[in-house]
Amino acid sequence: MRLEILHHANCFDGCASAALFSRWFTERESGPVEVVTRPVQHGPGPVFPPDAFQADVNAVVDFRYSPSPRLDWWFDHHASGFPTPADRAAFEADHGGQKFWDPGAPSCTGFIARVLGERYGWRPPELEELIRWADVIDAARFPSAAMAVRLEEPALRIMTLLEVSRDPALQPRMIAALSREPLARIAAEPWVAEPLVPILERHFRSIDTVRKHARMEGGVVHVDLSETGLEAANKFIAYDLFPRARYTVVVSRDPKRTKISVGSNPWSAVPRTHDISKICERYGGGGHPVVGAVSLPPDRVDDARRVALEILRELQDGSEPRP
Ligand SMILES: [Mn+2]
391 MRLEILHHAN CFDGCASAAL FSRWFTERES GPVEVVTRPV QHGPGPVFPP
441 DAFQADVNAV VDFRYSPSPR LDWWFDHHAS GFPTPADRAA FEADHGGQKF
491 WDPGAPSCTG FIARVLGERY GWRPPELEEL IRWADVIDAA RFPSAAMAVR
541 LEEPALRIMT LLEVSRDPAL QPRMIAALSR EPLARIAAEP WVAEPLVPIL
591 ERHFRSIDTV RKHARMEGGV VHVDLSETGL EAANKFIAYD LFPRARYTVV
641 VSRDPKRTKI SVGSNPWSAV PRTHDISKIC ERYGGGGHPV VGAVSLPPDR
691 VDDARRVALE ILRELQDGSE PRP
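Reading the sequence shown from the start, the letters are residues 391 to 713 in the numbering used here.
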C-alpha cells in the first residue's frame, strides 16, 4: 500500500506532522506501507500539484483543505485552512471522520497527537518530545527571544535546517528520522550537522543585516530585506534587537516570490490587539492570529512595499484594529 502525505513545506510543524501521521498509519496497517511525502507551499493560485492525490491513501497535514474526493485524511490548524467558502462547505458536509481542523491548536503535530489519542488510543511516548517542540515552535512559545535566536537546542537546529535548506532529499529523510529517533541524535547526524555549519554562520551574520535594515516606529519593527540579498531571516531577531516591539513587518524576496511576513512579539508586555491572519487575508495571504504572510510574484517588490507600509500603519500604536 502506498501512502502519500502532502505537508507544509520547509516547516518544522509540517514535517513533524507528516512524521507523526506516517508513524501511526504504518503501525496500524498490517501489511507493508510505502510512505511518500511531498512538501507543498502557500502561494498565489492553485497550490496542490496536478498529480497529487494519486496514491492508495492520500493525506494532507498542516496545510490547507482540498475538496478532492481522493483526499482521505486531512489535519490542519491554520485559521485560513479554507481558500474558498465552497471548500469550507465541502469540509462541513464530509462525515467520513478523517478530516480534522482546529484553528486553536498551537501546532498541527499536537493536534494530530490529540485526535489520534482520543479516537484510537494511540500515544507514542518516544514522540512526546517532538510533539512538545512542535507546540513551542509553531506557536512561538519560546521562553525568550534569545533562545529562538541562539539556536542551541537540537529541535531549533532541525527547525532551521528545514526552513533554509533547498535540498529536495532533506525533508523526506528528516520526516523518516523524526518518526523514530530522538531529536538530539538527529541533530548530531552528519547529514544534519554538516549542512547546518554554513547556515548557522549565515544566520549569525544575518543578525547584523537585520540590525542595519530595521527601524521601529510606533511599536512596529519594519525590515526591508528585498535589496540585501538575504532571502529570509529568523523572525525573532527583531524582537531580540527591539524587546519593546509589538509587531514586525518584513519584506523579503526569493526567486519564487516576494513576501510580506507579519508577526507579533510573543514576549511583548503590551498584549496583541490585531488578528494578523485577517489582515493578511485582505491582501490574499493568511496565517494565524499571531503570525501571517502575504505572497506576491517575485517581480512585484514595489507592491509588496506598499502592502507592508499599509499593514505597518494599521499595526502602529494609536491605530485601532479594523473590524
Ligand atoms: Mn503548523
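Just so you know, even glycine gets a beta-carbon here, dropped at the ideal spot from N, CA and C.
What you are looking at is a predicted structure, and each value in this text was computed from that prediction instead of being measured.
Each of F481, S458, L520 and A476 was checked against the Cα of R413, and the nearest Cα belongs to L520. Per the C-alpha coordinates, the member of R647, A604 and V639 positioned closest to E621 is R647. Proximity of the stretch 472-491 to the stretch 683-698 falls short of the contact definition, fewer than three beta-carbon pairs being nearer than 8 Å. Taking 7 Å as the cut-off, the beta carbon of V430 is found closer than this to the beta carbon of L396. When the alpha-carbon of I548 is set against those of E579, A529 and V600, the nearest one is in E579. R605 is classed as exposed because its beta carbon has fewer than 16 other beta carbons within 10 Å across all chains shown. Closest in C-alpha terms to R703, from the list H664, V681, P514 and E671, comes H664.
For ligand 1, the residues with a Cβ under 5 Å from any of its heavy atoms are, in chain order, D403, D452, C498 and D528.
Listed in chain order, the alpha helix (DSSP H) runs fully inside the stretch 480-536 are 498-510 and 518-528, counting runs of at least 4 residues. Between S667 and G676, the alpha-carbon positions lie close to 5 Å from each other. In the DSSP assignment, K602 falls outside any beta strand (DSSP E) and within the unbroken alpha helix (DSSP H) covering P580 to H603.
From the listed residues A545, S534, P661 and S709, the smallest Cα separation to P572 is found for A545.
For L410 and H398, the gap between their C-alpha atoms comes out near 14 Å. V587 places its beta carbon 7 Å or farther from that of S616. Per DSSP, D452 lies in no beta strand (DSSP E) and is assigned neither H nor E.
Here R712 is exposed, its C-beta having fewer than 16 other C-beta atoms within 10 Å.
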